[in-house]
Amino acid sequence: MTHSLHRLGPVDTFQEDYVFISRPAMGINHQGCTPKIQRTLEIVFQEGPTNLGSLTTQENLSLGLDPQTLISRTEDNSPVMCCFHEREKVINVLKHLKEEKVGLSVVVTGLIDNVLEICDEVGLKPHSVDISLGIHGKLEMLPEEEIMCLTTMCGHGMVAAGLVKQMKKAVVDGRMSTEAAARAMTKPCYCGIFNQKRAEKLLAQTRQT
Amino acid sequence: MKIDDGLCIGCGECLPYCPMGAIEQGLDTAVINWDECVECGICVRQIECPVDAFYEPEEALKWPRSVRKVFSDPTSKHENTGVRGRGTEEVKTNDVTARFKRGSFGIAIEFGRPGVGIRLGDVEVITKILAEEGIEFERANPLTFLMEDIHTGKIKDDVRNEKVLSAIVEFVIPQADLEIICTKIDEASRKAQCIFSWGLVARFEADGTLPVVGRLEKIGIKVPQNMKVNVGLGRPFREE
Chain A
8 MTHSLHRLGP VDTFQEDYVF ISRPAMGINH QGCTPKIQRT LEIVFQEGPT NLGSLTTQEN
68 LSLGLDPQTL ISRTEDNSPV MCCFHEREKV INVLKHLKEE KVGLSVVVTG LIDNVLEICD
128 EVGLKPHSVD ISLGIHGKLE MLPEEEIMCL TTMCGHGMVA AGLVKQMKKA VVDGRMSTEA
188 AARAMTKPCY CGIFNQKRAE KLLAQTRQT
Chain B
24 MKIDDGLCIG CGECLPYCPM GAIEQGLDTA VINWDECVEC GICVRQIECP VDAFYEPEEA
84 LKWPRSVRKV FSDPTSKHEN TGVRGRGTEE VKTNDVTARF KRGSFGIAIE FGRPGVGIRL
144 GDVEVITKIL AEEGIEFERA NPLTFLMEDI HTGKIKDDVR NEKVLSAIVE FVIPQADLEI
204 ICTKIDEASR KAQCIFSWGL VARFEADGTL PVVGRLEKIG IKVPQNMKVN VGLGRPFREE
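First to last, the sequence lines map onto chains A and B.
With the first sequence counted from 1, adding 7 to any position gets you my numbering.
With the second sequence counted from 1, adding 23 to any position gets you my numbering.
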C-alpha cells in the first residue's frame, strides 16, 4: 500500500516523474494472464521507460535487463513495474492498453493534477486513489530530507542513505557526473521505479548549492 | 547476513550500501552488526565485493530471525507467514477487487519507512490503540499473522525484538470514522519510539472529486500533491 506512494521532494521535481505499475488481481483475473502481462511489457518497452525492474530476474534497466528475457520469464503473478519521465509516453502506454482492452489493473503515481489530466486525455475514469499522509513518529531518526528525496524513490527501501550521501559528495567534489551517480543509486532498486532522470536533476541541484 | 572475516580485506567499499547502516568497519575487516541487520540481502546481491565475503548463514533462516528476511528482502517469499509481499494488492487492483468500497477508506501504516527499520514489537504503539477502537486488521497481511491476538494488536513474544526494514498495518474504516481514527493515530505517534509512513485509499466520487482531501486538511493533515491513482483499466471491472 506504500510502494510508490511516499516519494519525497519539492513539487517541481515530480513534474517529470510517473510511476507505472500494472498487475493482475490474484484469485480474480490472474489465471492465464501471462499473455496480457507480456503484451503490457511489450507496449511499455515500445515507448521506452526511464527505468523498469523485475524481482524475478533481480534486475533493472540500468543493470542491463533484457526485455525479451524478461518477457519470456513472465508468469501469471508477475507485476509490471517501471517509471517514466516523459508525460507523452505514459499517455501512449495507457492509450494502447485501453484500445487493446488488455484488462490488467494499472496505477500511475504522480502529481495528481498531471495524472488526472492524462486520464482525461486518454479517456479514462480514475477509480481509486492512494494518498500519502506523511511521516510520523520519532522524526529525529530520519536522515535529512534532501537524502530522502532520493532514497524514497525505491519502493522497497533498497537505496541506502549512506550510498546517497557518498554519491552526492562525489558529485559535489567533481569526482562523478550526475549521470554516473544517479546510475549507481539506481542499481539496488529491482522494482525499477527509481527514476534516474529525476535523480540526476536532484543531484544537479546539490552541485549548484 | 555475515561477512567471512577470513576473506574480507577491509577495503570498506561495502559500508555505504546497507539500508540500515549495519555494515561497520572493524579493526581489520568490515563487520555486520547482527542485531541491526534486517536480512534484506542487498549486500549479497548488489555489492561488488572483490573477495565475495558476504554470505547468508543458516541461522538467518531459522525462526524467529527468518521473519527479518521475509519483511525486508523484496525478492523473498513469505514462507513463514504464508503471505507474499509486505502488504496486499491494495489500490493497485481495487478496480477489480473492490477491496475499498464507497463509504469506506483503506488505511496502511508502514512502520520503519523510510529507511529506518522497526522492531516488530514497536508497532504496538499504534496497533493496540487501533484494536481498542475496534479496528479489524487485514487478515491477508503478513504482520496480522504475527499478532498474538488480532483483537488486542499484540505482537507474538518470539518475534517482538526482530528488526525488519518495514512492516505494514492495513485496515478499512467507515468514512464517518476518518477524523477520530486519524486523530488517535496522530496522538499515539507522539509517544512512538519509531517512525512510520502512512496512507489512505479512497474511491473517487462519481463526479471525479475527492472530498476526503478537504476533511484531512481540516484536521491538520497536509496532503501532498503526489498521489497513486488506479486509472480503472482492470477487468472485470467492479464498481462496488
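The C-beta atom is built at its ideal place from N, Cα and C for all residues, glycine as well.
Handout entry: Best match in A/Leu-70, A/Val-122, A/Val-100 and A/Pro-31 for proximity to A/Gln-203 [C-alpha to C-alpha]
Key = A/Leu-70
Handout entry: Residue closest to B/Pro-259, alpha-carbon to alpha-carbon, out of B/Glu-36, B/Glu-185 and B/Val-119
Key = B/Val-119
Practice task
Starting from A/Met-192, follow the beta strand (DSSP E) in both directions and report where the run begins and ends.
Solution key: First-last for A/Met-192: 185–193, but that is the alpha helix (DSSP H), not the beta strand (DSSP E).
Handout entry: Reduced DSSP category for B/Trp-206 - H, G, I as helix; E, B as strand; rest coil
Key = Strictly speaking, residue 206 of chain B in this sequence is Thr, with Trp absent from that position. Three-state DSSP puts B/Thr-206 in a helix.
Problem - B/Ile-152 - containing alpha helix (DSSP H), residue span - result: 147–155
Practice task
Kindly list the residues whose CB is nearer than 8 angstroms to the CB of A/Gly-55, restricted to its own chain and excluding five residues on each side of it in sequence; keep chain order.
Solution key: Lys-96
Exercise for the section: For the beta strand (DSSP E) containing A/Thr-76, list its first residue and its last residue. Expected result: It is not in any beta strand (DSSP E) - A/Thr-76 instead sits in the alpha helix (DSSP H) that spans 74–79.
Exercise for the section: Can you tell me which of A/Cys-196, A/Ala-206, A/Leu-68 and A/Cys-198 puts its alpha carbon nearest to the alpha carbon of A/Ala-188? Expected result: A/Ala-206
Practice task
Quick one: grab the DSSP three-state call for B/Lys-25.
Solution key: strand
Problem - Endpoints, the beta strand (DSSP E) within which B/Ser-1 is located - result: The question about residue 1 of chain B has no answer here: the residues shown for chain B are numbered 24 through 263.
Handout entry: Minimum length 3: unbroken beta strand (DSSP E) runs contained in the stretch 60–144 of chain A
Key = Complete beta strand (DSSP E) runs here, min 3: 87–91, 112–118 and 135–144.
Problem - Residue span of the alpha helix (DSSP H) that contains B/Pro-197, given as start and end - result: Premise fails: B/Pro-197 lies in the beta strand (DSSP E), 190–197, not in any alpha helix (DSSP H).
Practice task
Alpha carbon to alpha carbon, how far is B/Val-236 from B/Val-106? Give it in angstroms, no decimals.
Solution key: With a pLDDT of only 45 at B/Val-106, under the threshold of 50, the placement of this residue in the model should not be trusted, and no figure is reported.
Practice task
Please check if any C-beta of chain B sits within less than 8 angstroms of the C-beta of A/Pro-42.
Solution key: It does not; no Cβ of chain B falls within 8 angstroms.
Handout entry: Cβ pair B/Gly-49, B/Met-24 closer than 8 angstroms
Key = No, these two residues do not count as a Cβ contact at 8 angstroms.
Handout entry: Contact the stretch 110–126 of chain B vs the stretch 236–255 of chain B: 3+ CB pairs below 8 angstroms
Key = Output reads yes: the stretch 236–255 of chain B touches the stretch 110–126 of chain B.
Problem - At least 3 beta-carbon pairs within less than 8 angstroms: the stretch 35–49 of chain B vs the stretch 141–151 of chain A - result: No, the stretch 35–49 of chain B does not touch the stretch 141–151 of chain A.
Problem - Cβ contact (3+ pairs, closer than 8 angstroms) linking the stretch 61–80 of chain B and the stretch 156–171 of chain B - result: no
Handout entry: Proximal chain A residues relative to B/Leu-38, where beta-carbon distance stays under 8 angstroms
Key = Gly-169
Handout entry: Inter-residue Cα distance where the pair is B/Phe-128 and A/Val-179
Key = 44 angstroms
Practice task
Could you list the residues in the stretch 65–88 of chain B with a C-beta less than 8 angstroms from some C-beta on chain A, going in chain order?
Solution key: Ile-65, Arg-68 and Gln-69
Exercise for the section: Check distances from the C-beta atoms of the stretch 11–26 of chain A to those of chain B and list, in chain order, the residues that come in under 9 angstroms. Expected result: Hits within the stretch, in order: Ser-11, Leu-12, His-13, Arg-14, Leu-15, Gly-16, Val-18, Phe-21, Asp-24 and Val-26.
Problem - Three-pair Cβ contact test at 8 angstroms for the stretch 133–146 of chain B versus the stretch 223–231 of chain B - result: no
Practice task
Work out the CA separation of A/Ala-32 and B/Asn-164 for me, nearest whole Å.
Solution key: 15 angstroms
Exercise for the section: Can you grab the Cα-Cα spacing for the pair B/Thr-104 / A/Thr-213, in whole Å? Expected result: Model confidence at B/Thr-104 stands at a pLDDT of 46, short of 50, so the residue's coordinates are unreliable and nothing is read from them.
Exercise for the section: With 8 angstroms as the threshold, decide whether the Cβ of A/Ser-112 is near any Cβ in chain B. Expected result: yes
Practice task
Give the interface partners of B/Met-250 over in chain A, defined as CB-CB distance under 9 angstroms, in chain order.
Solution key: Contact of B/Met-250 with chain A by beta-carbon distance below 9 angstroms involves Leu-12, Thr-116, Gly-117, Leu-118, Ile-119, Val-122, Val-136, Asp-137, Ile-138 and Ser-139.
Practice task
Identify which residue in B/Trp-86, B/Cys-66, B/Cys-205 and B/Pro-39 has its Cα closest to the Cα of B/Asp-181.
Solution key: Nearest C-alpha to B/Asp-181: B/Trp-86.
Exercise for the section: Ignore the nearest five residues each way along the sequence and tell me which others in A/Leu-12's own chain have a CB closer than 6 angstroms to its CB. Expected result: Asp-137 and Ser-139
Handout entry: Cβ pair count under 8 angstroms reaching 3, the stretch 181–200 of chain B against the stretch 121–134 of chain A
Key = Cβ pair count under 8 angstroms is below three, so no.
Handout entry: C-beta neighbour in chain A for B/Arg-142, strict 8 angstroms
Key = Chain A, which has no Cβ nearer than 8 angstroms to the Cβ of B/Arg-142, makes this no.
Problem - Same chain, Cβ closer than 6 angstroms to B/Arg-122, neighbours up to 5 away in sequence not counted - result: Apart from the 5 residues on each side of it in sequence, B/Arg-122 has no Cβ closer than 6 angstroms to any other Cβ in its chain.
Problem - DSSP bridge partner residues for B/Gln-48 (one or two, in chain order) - result: B/Ala-53
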